[in-house]
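Asker: According to our numbering, the sequence shown is numbered sequentially starting from 2.
Idealized CB from N, CA, C, for every residue including glycine.
Structure incoming, see below.
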Amino acid sequence: MAPETAILVGIFAPLAVAALIPFLSFQANLRDAAGPVGALFSFVAALIVAKAVMTGASPSVTLVTISEGLDLTFRVTPAGAIFGCVASGLWILASLYSTGYMRGNKEKNQTRFAVCYAVAVHAAMAIAWSGNLMVLFIFYEVLTFSTYPLVTHKESREAINAGRLYMGILVGTSVVLLLPGIIWVWLVAGTLDFTNGGILANRLDPAHAPWLVALFAFGIGKVALMPIHRWLPAAMVAPTPVSALLHAVAVVKAGAFTMLMVMVYIFGIDFLADTGASEWLAWLAAFTILASSVVAISKDDIKARLAYSTISQLSYIVLAAALASSIAAEGGLVHIVMHASAKITLFFCAGAIYVGAHLNKVSQLDGLGPRMPLVFIAFFLGALSIIGVPPLGGSWSKLMIMTGSIDAGLPLMVAVLAVSSLLNVYYLLEPVFRAFFRPVNTDVKVDTPLLTVLPPVITALISVVLFFAINILTSFSQLMVMP
Numbered sequence: 002m003a004p005e006t007a008i009l010v011g012i013f014a015p016l017a018v019a020a021l022i023p024f025l026s027f028q029a030n031l032r033d034a035a036g037p038v039g040a041l042f043s044f045v046a047a048l049i050v051a052k053a054v055m056t057g058a059s060p061s062v063t064l065v066t067i068s069e070g071l072d073l074t075f076r077v078t079p080a081g082a083i084f085g086c087v088a089s090g091l092w093i094l095a096s097l098y099s100t101g102y103m104r105g106n107k108e109k110n111q112t113r114f115a116v117c118y119a120v121a122v123h124a125a126m127a128i129a130w131s132g133n134l135m136v137l138f139i140f141y142e143v144l145t146f147s148t149y150p151l152v153t154h155k156e157s158r159e160a161i162n163a164g165r166l167y168m169g170i171l172v173g174t175s176v177v178l179l180l181p182g183i184i185w186v187w188l189v190a191g192t193l194d195f196t197n198g199g200i201l202a203n204r205l206d207p208a209h210a211p212w213l214v215a216l217f218a219f220g221i222g223k224v225a226l227m228p229i230h231r232w233l234p235a236a237m238v239a240p241t242p243v244s245a246l247l248h249a250v251a252v253v254k255a256g257a258f259t260m261l262m263v264m265v266y267i268f269g270i271d272f273l274a275d276t277g278a279s280e281w282l283a284w285l286a287a288f289t290i291l292a293s294s295v296v297a298i299s300k301d302d303i304k305a306r307l308a309y310s311t312i313s314q315l316s317y318i319v320l321a322a323a324l325a326s327s328i329a330a331e332g333g334l335v336h337i338v339m340h341a342s343a344k345i346t347l348f349f350c351a352g353a354i355y356v357g358a359h360l361n362k363v364s365q366l367d368g369l370g371p372r373m374p375l376v377f378i379a380f381f382l383g384a385l386s387i388i389g390v391p392p393l394g395g396s397w398s399k400l401m402i403m404t405g406s407i408d409a410g411l412p413l414m415v416a417v418l419a420v421s422s423l424l425n426v427y428y429l430l431e432p433v434f435r436a437f438f439r440p441v442n443t444d445v446k447v448d449t450p451l452l453t454v455l456p457p458v459i460t461a462l463i464s465v466v467l468f469f470a471i472n473i474l475t476s477f478s479q480l481m482v483m484p
């Protein structure tokens, strides 16, 4: 398959799945098989595209030309190649897990759920392979609207209110801040194309650069910087497969990816370093890292604790981009991968605990470990990766961002990341400690579906494998920062 054909397959296979699922709703097994099959097509296509990018190619497909310099184009960058593999690869496991969770929990409207899930992955793949800011913005919005029915899936008052907050913040920030930022770039540069080294040097007044950075930083609401983060914890009212989609496969990773693309391919690392336009953003990211970690400690609800953990970890990527250092930006891209595999593991485990034992509080996990050993071992490995302990993948990305902090002349950020890691230890290992080192609660009955156990075990092992596959990831990250 040619890389250009693979781009179309990778983007439109999830959309084809979404169109097919309603016709298979009469047979649950066929309906639920559509997701993994479509995911496999997308993942194979993503691997073909990534292989082409690794050889130095930049495969692209133009669907519509609106005007000179403004096209509906998909062009795969090294960063996009990595994100495409993450989104499509994790979709395979997420779709299998969703089947076990939705059936095990006897959730309603499973067909609608599966359709919206597939459309969300379609949007994520299109974002990954966007050739310019216009295309990225279009599918950024598609992702928001397609995930709204997932957030409100339970149709309770709490879910509806969470959905309103979700849409209000994400649509509001993108229309009021992100879109004007994109228009500003177009007026200054005459193009929106993602270009190695950026497009704003010698075109944008350095005095205006911090203001444009601010439009993107707060306009990309999916990256959940404080104080525009409240939609993310609120969205945890959704079923756990949705939480996995939000935190690992699509939504927040699309936000982090968008931030990285803007800083590297629109502003350019050298331009940011010369102007100091993003230094204020580095400090805001540092504050978000620490503040959200402190809040996470106070949360007894497992998913709420993981949600604030995600807010913290997303700001690692924002910090990496804002430092205006090549090694830090590389670390930001690597962290997208490492956090995705680790955080989806933790949410998979949280869902398995809920389906298997009907528990959702950290304080309720006492003695549960010996009765759900695979689930809690997987949770332990995912937690170690986020903490940054070798040989788990997260240790590499943290090291790279720390190195980038020193390279950027902000060594205090090393202390911020170190303190954050210590806080990670407290709030992520407490569930494991309670599960294995507290007396067994014999009143809790455990019956965990196999499809909610295998996916987190696999993703936990992926977090280990990624530690040893770092050279593959850095080969893409180095291509990303080349001028």
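#1: Could you give the distance in angstroms between the alpha-carbon of A51 and the alpha-carbon of W397?
#2: Give the list of continuous alpha helix (DSSP H) stretches no shorter than 4 residues that lie fully inside the segment 51 to 110.
#3: So what's S131 in DSSP terms, helix, strand or just coil?
#4: Count the other C-beta atoms from every protein chain shown that fall within 10 angstroms of the C-beta of G90, then say buried if there are 16 or more, exposed otherwise.
#5: Please identify the residue among G105, M262, I128 whose C-alpha is closest to the C-alpha of H359.
#6: Over the uninterrupted alpha helix (DSSP H) stretch that includes R372, give me the two end residues.
#7: Per DSSP, what kind of secondary structure is K254 in: helix, strand or coil?
#8: Less than 8 Å between the CB atoms is what I'm expecting for Y317 and I290, so what's the real figure, rounded?
#9: In angstroms with no decimal places, state the Cα-to-Cα distance between S421 and A286.
#10: Please report the straight-line C-alpha distance between A274 and E142, rounded to a whole angstrom.
#11: Measure the alpha-carbon distance for F27 versus W232 and round it to whole angstroms.
#12: Just confirm the distance between the C-beta atoms of P60 and S43, as a whole number of angstroms; I'd bet it's less than 8 Å.
#13: To the nearest angstrom, how far is the alpha carbon of G277 from that of P79?
#14: Excluding five sequence neighbours on each side, which residues of the same chain lie with their C-beta closer than 7 Å to the C-beta of T100?
#15: Return the bridge partner residues of D194 from the DSSP annotation.
#16: What whole-angstrom Cβ distance do V224 and A251 have, given they're in contact under 8 Å?
#17: Taking only the alpha-carbon atoms, compute the straight-line gap between I22 and V116 and give it to the nearest angstrom.
#18: Mind checking which residues open and close the alpha helix (DSSP H) that includes E331?
#19: Alpha carbon to alpha carbon, how far is I345 from T1? Give it in angstroms, no decimals.
#20: Between F272 and A202, is the Cβ-Cβ spacing less than 7 Å?
#21: From Q314 to A129, what does the alpha carbon distance come to, in whole angstroms?
#22: Using the C-alpha atoms, what's the distance from F437 back to G368?
#23: Thinking C-alpha only, which one of A40, L134, V172, P457 is nearest L144?
#24: CA-CA distance, V338 and I83?
#25: Count Cβ pairs between the segment 372 to 382 and the segment 297 to 310 that sit closer than 8 Å; are there 3 or more?
#26: Curious, which full-length alpha helix (DSSP H) runs of at least 4 residues does the segment 390 to 426 contain?
#27: By DSSP's criteria, D275 is part of a beta bridge. Which residues make up the other side?
#28: Can you grab the Cα-Cα spacing for the pair A235 / T112, in whole Å?
#29: So A329 and I402 are in contact, right, with Cβ under 8 Å, and what is the actual spacing, rounded?
#30: Would you please state the rounded distance, in angstroms, between the beta carbons of L41 and I8? I believe it to be under 8 Å.
#31: Whole alpha helix (DSSP H) runs in the segment 423 to 469 with 4 or more residues, listed along the chain?
#32: Which class does K362 belong to by DSSP, given the choice of helix, strand or coil?
#33: Going by the beta-carbon positions, is the gap between A127 and V18 smaller than 7 Å?
#34: Which of the three DSSP states is assigned to D301 in this structure?
#35: What is the residue span of the alpha helix (DSSP H) that T241 lies within?
#36: I'd like to check one pair, L411 with S294: are the Cβ atoms closer than 7 Å?
Answerer: Per the coordinate set shown:
#1: The count along the sequence shown starts at 1 and reaches residue 51 at position 50. The count along the sequence shown starts at 1 and reaches residue 397 at position 396. Computed Cα separation, rounded: 21 Å.
#2: 79 to 105
#3: Walking along the sequence shown from the start, residue 131 turns up at place 130. If DSSP states are grouped into helix, strand and coil, S131 belongs with the strands.
#4: Translated into positions along the sequence shown, residue 90 becomes position 89. Around the CB of G90, 16 or more other CB atoms lie within 10 Å, so the residue is classed as buried.
#5: To locate residue 359, count along the sequence shown from 1; it is residue 358. H359 has its Cα closest to that of G105, out of G105, M262, I128.
#6: Stepping through the sequence shown from its first residue, residue 372 is reached at position 371. Counting along the chain, no alpha helix (DSSP H) covers R372, and no H or E run does either.
#7: Here residue 254 is taken as the residue at index 253 of the sequence shown, counted from 1. It is helical.
#8: Numbered from its first residue, the sequence shown carries residue 317 at position 316. Numbered from its first residue, the sequence shown carries residue 290 at position 289. The Cβ separation is near 7 Å, so the contact holds.
#9: By one-based count along the sequence shown, residue 421 stands at place 420. By one-based count along the sequence shown, residue 286 stands at place 285. So the alpha carbons of these two residues sit roughly 12 Å apart.
#10: Translated into the one-based positions of the sequence shown, residue 274 becomes position 273. Translated into the one-based positions of the sequence shown, residue 142 becomes position 141. So the alpha carbons of these two residues sit roughly 30 Å apart.
#11: One-based indexing of the sequence shown puts residue 27 at position 26. One-based indexing of the sequence shown puts residue 232 at position 231. Looking at the two C-alpha atoms, the distance is approximately 35 Å.
#12: Here residue 60 refers to the residue found at position 59 when the sequence shown is read from its first residue. Here residue 43 refers to the residue found at position 42 when the sequence shown is read from its first residue. That belief does not hold up - the Cβ atoms of P60 and S43 are roughly 15 Å apart, past 8 Å.
#13: If you number the sequence shown from 1, residue 277 lands on position 276. If you number the sequence shown from 1, residue 79 lands on position 78. Going from the Cα of G277 to the Cα of P79 covers about 25 Å.
#14: Residue numbering aside, residue 100 sits at position 99 when the sequence shown is read from its first letter. Closer than 7 Å at the Cβ level, and outside the excluded window around T100, lie D33, L452.
#15: Counting from one through the sequence shown, the residue named residue 194 turns up at place 193. Per DSSP, N133.
#16: Sequence index remark: in the sequence shown, residue 224 carries index 223 (1-based). Sequence index remark: in the sequence shown, residue 251 carries index 250 (1-based). V224 to A251, Cβ: 13 Å. No contact.
#17: On the sequence shown, residue 22 is found 21 positions in, with the first residue counted as 1. On the sequence shown, residue 116 is found 115 positions in, with the first residue counted as 1. Rounded to whole angstroms, I22 to V116 spans 6 Å at the Cα level.
#18: Your numbering for residue 331 matches position 330 in the sequence shown. Per DSSP, E331 belongs to the alpha helix (DSSP H) from 327 to 358.
#19: Shown here, the chain extends from 2 to 484; a query on residue 1 therefore has no answer.
#20: Residue mapping note: residue 272 aligns to position 271 of the sequence shown, counting from 1. Residue mapping note: residue 202 aligns to position 201 of the sequence shown, counting from 1. Going by C-beta atoms, F272 is nearer than 7 Å to A202.
#21: Indexing the sequence shown from 1 puts residue 314 at position 313. Indexing the sequence shown from 1 puts residue 129 at position 128. Those two C-alpha atoms are separated by around 20 Å.
#22: Position 367 of the sequence shown holds residue 368. Position 436 of the sequence shown holds residue 437. When rounded, the distance between both Cα atoms is 6 Å.
#23: Taking the sequence shown and counting its residues from 1, one reaches residue 144 at position 143. For L144, the nearest C-alpha among the options comes from V172.
#24: By 1-based counting over the sequence shown, the position of residue 338 is 337. By 1-based counting over the sequence shown, the position of residue 83 is 82. For V338 and I83, the distance between alpha carbons rounds to 8 Å.
#25: In short, these stretches do not touch, since the Cβ pair count stays below three.
#26: 395 to 408
#27: Walking along the sequence shown from the start, residue 275 turns up at place 274. Paired residue(s): none; D275 is not in a bridge.
#28: On the sequence shown, position 234 is the one that residue 235 refers to. On the sequence shown, position 111 is the one that residue 112 refers to. Cα-Cα distance, rounded: 24 Å.
#29: Here residue 329 corresponds to residue number 328 of the sequence shown, with the count starting at 1. Here residue 402 corresponds to residue number 401 of the sequence shown, with the count starting at 1. Yes, they are in contact, since the Cβ atoms of A329 and I402 sit about 5 Å apart, within 8 Å.
#30: Taking the first residue of the sequence shown as 1, we reach residue 41 at position 40. Taking the first residue of the sequence shown as 1, we reach residue 8 at position 7. Between I8 and L41 the Cβ distance is about 17 Å, and since that is not below 8 Å, they are no contact.
#31: Qualifying alpha helix (DSSP H) stretches, in chain order: 455 to 469.
#32: Counting from 1 along the sequence shown, the entry for residue 362 is found at position 361. Looking at K362 - three-state DSSP - the assignment turns out to be strand.
#33: One-based indexing of the sequence shown puts residue 127 at position 126. One-based indexing of the sequence shown puts residue 18 at position 17. Not a contact, by the Cβ cut-off of 7 Å.
#34: One-based indexing of the sequence shown puts residue 301 at position 300. Looking at D301 - three-state DSSP - the assignment turns out to be coil, as it is neither helix nor strand.
#35: Numbered from 1 along the sequence shown, position 240 holds the residue referred to as residue 241. Counting along the chain, the alpha helix (DSSP H) containing T241 begins and ends at 241 to 245.
#36: One-based indexing of the sequence shown puts residue 294 at position 293. One-based indexing of the sequence shown puts residue 411 at position 410. For S294 and L411, no; Cβs fall outside 7 Å.
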